[in-house]
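*Asks:* Provided herewith is a single structure, encoded as structure tokens, for subsequent inquiry.
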Amino acid sequence: NFGTIVIGGDMVKSNELTFAGTCIGFTVMKPLRRSGAAVGDIVCVTGTLGNAALGMYIVSGRLSSEQLKEIEDIAEYAKKALFQPYPRVNEGVLIASSGYATSMIDISDGLAISLAEISRKSNVGFEIWEECMPVSNELREIASTINIDLQELIFHFGGDYELLFTLNSNVLEDRKKLEMLEKYADMRIIGRVVPVHEGIYLRKENEERMEIRERGYQHF
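Structure representation (structure tokens):
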């Protein structure tokens, strides 16, 4: 799908012998780093979040038979998100070449860890808007029904092979480019970049601020 010869590279453990490769390549344009975010930028992600985490809940036996019955409709989709994630290669190229992108990182280890990484590299903080978090209606309903912490799935569990990135806020005035990114990069705006001393926090719908702690997928 992406014209690569060798891909891979990971640190996990399993009972089976696994051979993992490392992808080495080059870019024809200036690489988009994690260190370019600036105060005033908007914060975005691709796709929806939390689906792979739900898939892990399903296959790891954490749910009762009654809970599994409640999520039959979305179970296969969640397991596919976990075992067959689709890398956002084309979307990443599109975002990077938009002329507005200032930083980017993948969020496979969890949104909270990725926010913290860009925060360190760019010396900025983040305000994330609870009402803008890209979660499917089905997942919201299921999390409530079977009493799973939705914020845990979104911020800390990991497994979502999506992209977290920042855009210069001038993109908001470029409707054509903004609509192109929303349509072809499956982009969702989730917050804004703030001064580093403000930290990384979730602005809840009642305007309350809640710190987003740096916690995510643990490899070992």
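If you want the numbering used here, it's the 1-based position in the sequence shown plus 444. Each residue gets a CB set at the ideal place from its N, CA and C atoms; glycine is no exception.
(1) DSSP beta-bridge partners for residue 545?
(2) Can you tell me whether DSSP reads residue 606 as helix, strand or coil?
(3) Under 8 Å by Cβ, that's how I've got residue 635 and residue 573 pegged, so tell me the actual separation to the nearest angstrom.
(4) Would you kindly work out how many angstroms separate the C-alpha atoms of residue 484 and residue 645, rounded to a whole number?
(5) Enumerate in chain order the residues of its own chain whose CB-to-CB distance from residue 575 is below 8 Å, with the five nearest sequence positions on each side excluded.
(6) Is residue 635 helix, strand or coil when you go by DSSP?
(7) Who are the Cβ neighbours of residue 664 in its own chain at under 6 Å, not counting the five residues just before and after it?
(8) Excluding the 5 residues flanking residue 599 on each side, which residues of the same chain have their C-beta closer than 7 Å to its C-beta?
(9) What's the gap between the Cα of residue 570 and the Cα of residue 641?
(10) Which ranges does the alpha helix (DSSP H) cover as unbroken runs of at least 4 residues, wholly within the segment 521-586, from first to last along the chain?
(11) Measuring only the C-alpha atoms, how far is residue 623 from residue 512?
(12) By Cβ distance below 6 Å, which residues in the same chain neighbour residue 499 in space, the five residues on each side in sequence not counted?
(13) Nearest to residue 445 by alpha carbon, out of 577, 534, 602, 580?
(14) How about the segment 469-481 and the segment 540-552: do they share at least three Cβ pairs that are nearer than 8 Å?
(15) Please name the residue, chosen from 458, 625, 581, that lies closest to residue 607 on a Cα-to-Cα basis.
(16) Are there 16 or more other CB atoms within 10 angstroms of the CB of residue 469, so buried, or fewer, so exposed?
(17) Is the beta carbon of residue 492 sitting closer than 9 Å to the one on residue 580?
(18) Return the residue from the list 517, 472, 592 that minimises the CA-CA distance to residue 540.
(19) First and last residue of the alpha helix (DSSP H) that includes residue 512?
(20) Exposed or buried, which one is residue 462 when buried takes at least 16 other CB atoms within 10 Å?
(21) Check the Cβ-Cβ distances between residue 522 and every residue of chain C, and say whether any is below 9 Å.
(22) Helix, strand or coil for residue 486? Go by DSSP, reduced to three states.
*Replies:* Let's see:
(1) 611
(2) coil
(3) 5 Å
(4) 15 Å
(5) 649
(6) strand
(7) Low local confidence applies: a pLDDT of 48 at residue 664 is under 50, so the model's placement there is unreliable, and no value is given.
(8) 554, 555, 556, 656
(9) 10 Å
(10) Whole alpha helix (DSSP H) segments, 4+ residues: 533-540, 555-566.
(11) 38 Å
(12) Scanning its chain for C-beta atoms nearer than 6 Å, with the 5 sequence neighbours on each side dropped, one finds around residue 499 the residues 522, 523, 525, 526, in chain order.
(13) Measuring from the Cα of residue 445, the nearest candidate turns out to be 534.
(14) yes
(15) 625
(16) exposed
(17) yes
(18) Nearest option by C-alpha distance: 472.
(19) Counting along the chain, the alpha helix (DSSP H) containing residue 512 begins and ends at 509-514.
(20) It counts as exposed.
(21) No chain C appears in the structure shown, which is made up of a single protein chain.
(22) strand
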